[in-house]
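A short write-up of the structure that comes next.
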Ligand code: ACO
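Numbering (the working numbering), first residue to last: 102 to 503.
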């Protein structure tokens, strides 16, 4: 691939590959996907093993530094994260300026971008100490920012982080807690949310990660690059799909659970009608993350003492789709977003907060990929070519003559 690139340059040819379906933008040693076989590994470790045995901060360390941490290294990493969870008081005030009905992803991306204004000591993308510091700050502060984005949308007071708590516990308390009453942390919710963060932690050169790399390739700092990643994740074809799936299930449910008529509309390709949470650019098989989430969903609902007709609906919808030629021929299977929404809903998150949870999970991947790029001496500014199809040369016409 690398040689072909240089040959093309020499001969003046340009490849046209809309959506980059077949063009690698980089080499990477972080995440391996075999889309045909449905395999996903972080730094060589199968996602199923990490989901079962590891924890989010351990996986963050693995993605960023390349190896599983020793117990001492993990403690040190966790401690540094814990020390940086607070936001500057002026930063807290920043949230009050957003309108009450602001989408939490819009608040999240603005706030991550604003980190550059508060931490000007961390803006040199080539200083390893600063990059470590910015990485820790991002991992530590994103749950605080995400919880405040949620509080902004419901008008409740902001809570300070409680650093005696674990990463996910702290996030849950800042999100759902109130200053006037103690918040009971459900260990089952903590365990499952941590596992969902692990499942989302990296996915090689997806849309948001490629965005983070592209912005970073201009030598923009880590905060600015990651805030661009949050924006890319917002879209319903990417991270926004978890919100779109739940809205789709709700619409089908309101419509008398008529799965068949919905699937017919999808197959007719009615504008804007897709089976959300299905299909993937790389997986032509069951998304291994979706398999883990699907297994967890009924267990979680059971443990939380909740039932949701949308879970049955989702399972029946999957069954109908997987036995329908339209989906079989196109190798469309559930992706990670198909079942996550049902779990997030059972945990008490409103639908428009779902994509923020995806962003919290994906953060270590964005950081690891940005760092890999900045440390690679072959990195160049990302600058795709185009094939021009507009008019040939023509000359300015005076307004009175048009
Ligand atoms: N519902 C119905 N048809 C679909 C779907 C779907 N969800 N996904 C793909 N198709 C069809 C396309 O219409 C196309 O059909 P055609 O060959 O008759 O034209 C064929 O399958 C191939 O699809 P493409 O759009 O070419 O696949 P692409 O790789 O470009 O898109 C994507 C991948 C964006 C994920 C797509 O499958 C989709 O829109 N899915 C729904 C949104 C979604 O769930 N996104 C989350 C992705 S995973 C993530 O970010 C965590």
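Yeah, the Cβ is synthetic: ideal placement off N, Cα and C, and Gly gets one too.
Measuring only from the beta carbon, is residue i closer than 7 angstroms to any heavy atom that is part of the ligand ACO?
i, result
"residue 366", "no"
"residue 352", "no"
"residue 436", "yes"
"residue 307", "yes"
"residue 395", "no"
"residue 431", "yes"
"residue 450", "no"
"residue 369", "no"
"residue 379", "yes"
"residue 400", "no"
"residue 120", "yes"
"residue 385", "no"
"residue 342", "yes"
"residue 347", "no"
"residue 375", "yes"
"residue 338", "yes"
"residue 274", "no"
"residue 144", "no"
"residue 472", "no"
"residue 547", "Any property of residue 547 remains undetermined from this structure, which presents the chain solely from 102 to 503."
Considering only residues of the same chain and omitting the five flanking positions on each side of residue i, which have a CB-CB separation below 6 angstroms?
i, result
"residue 503", "none"
"residue 475", "226"
"residue 442", "343, 346, 347, 455"
"residue 133", "142"
Leaving out the 5 sequence neighbours to the left and right, which residues in its chain are closer than 7 angstroms to residue i when beta-carbon positions are compared?
i, result
"residue 389", "139, 140, 141, 148, 149"
"residue 155", "299"
"residue 102", "Since pLDDT at residue 102 reaches only 43, below the 50 mark, its modelled position is unreliable, and no value is offered."
"residue 398", "412, 440, 443, 444"
"residue 243", "461, 464"
"residue 480", "318, 474"
"residue 350", "411, 414, 415"
"residue 417", "360"
Find the nearest neighbour of residue i within the set the options, judged by alpha-carbon distance.
i, options, result
"residue 334", "408, 467, 409", "467"
"residue 308", "430, 412, 340", "340"
"residue 381", "199, 337, 291, 131", "337"
"residue 118", "290, 485, 496, 492", "485"
"residue 238", "219, 416, 164, 126", "219"
"residue 377", "261, 329, 428, 356", "428"
"residue 124", "263, 178, 306", "306"
"residue 176", "193, 267, 200, 126", "267"
"residue 483", "439, 490, 471", "471"
"residue 507", "182, 214, 332", "The displayed coordinates of the chain run from 102 to 503. Any statement about residue 507 would go beyond what the structure contains."
"residue 233", "362, 473, 497", "473"
"residue 256", "202, 273, 289, 436", "202"
"residue 289", "160, 269, 279", "269"
"residue 137", "433, 371, 114", "433"
"residue 313", "330, 321, 320, 322", "330"
"residue 321", "135, 221, 430", "221"
"residue 128", "311, 157, 283, 494", "311"
Which same chain residues end up closer than 8 angstroms to residue i when comparing Cβ atoms and leaving out the 5 residues on each side of it in sequence?
i, result
"residue 527", "The structure shown does not extend to residue 527, since the chain is modelled only from 102 to 503, so the question has no answer here."
"residue 229", "none"
"residue 375", "367"
"residue 425", "364, 368"
Could one say the Cβ of residue i lies closer than 8 angstroms to chain B's Cβ atoms, at least one of them?
i, result
"residue 253", "Among the chains in the structure shown there is no chain B, since it carries only a single protein chain."
How about residue i and residue j: are their beta carbons less than 8 angstroms apart?
i, j, result
"residue 422", "residue 383", "no"
"residue 241", "residue 185", "yes"
"residue 455", "residue 343", "yes"
"residue 505", "residue 324", "Residue 505 lies beyond the range of the chain shown here (102 to 503); nothing can be said about it."
"residue 463", "residue 302", "yes"
"residue 165", "residue 469", "yes"
"residue 245", "residue 188", "yes"
"residue 277", "residue 449", "yes"
"residue 170", "residue 162", "yes"
"residue 457", "residue 247", "yes"
"residue 328", "residue 210", "yes"
"residue 287", "residue 274", "no"
"residue 447", "residue 409", "yes"
"residue 506", "residue 192", "Residue 506 is absent from the model: the chain starts at 102 and stops at 503."
"residue 436", "residue 379", "yes"
>> With a threshold of 8 angstroms, are at least 3 pairs of Cβ atoms found where one atom belongs to the segment 400 to 417 and the other to the segment 289 to 296?
In response: yes
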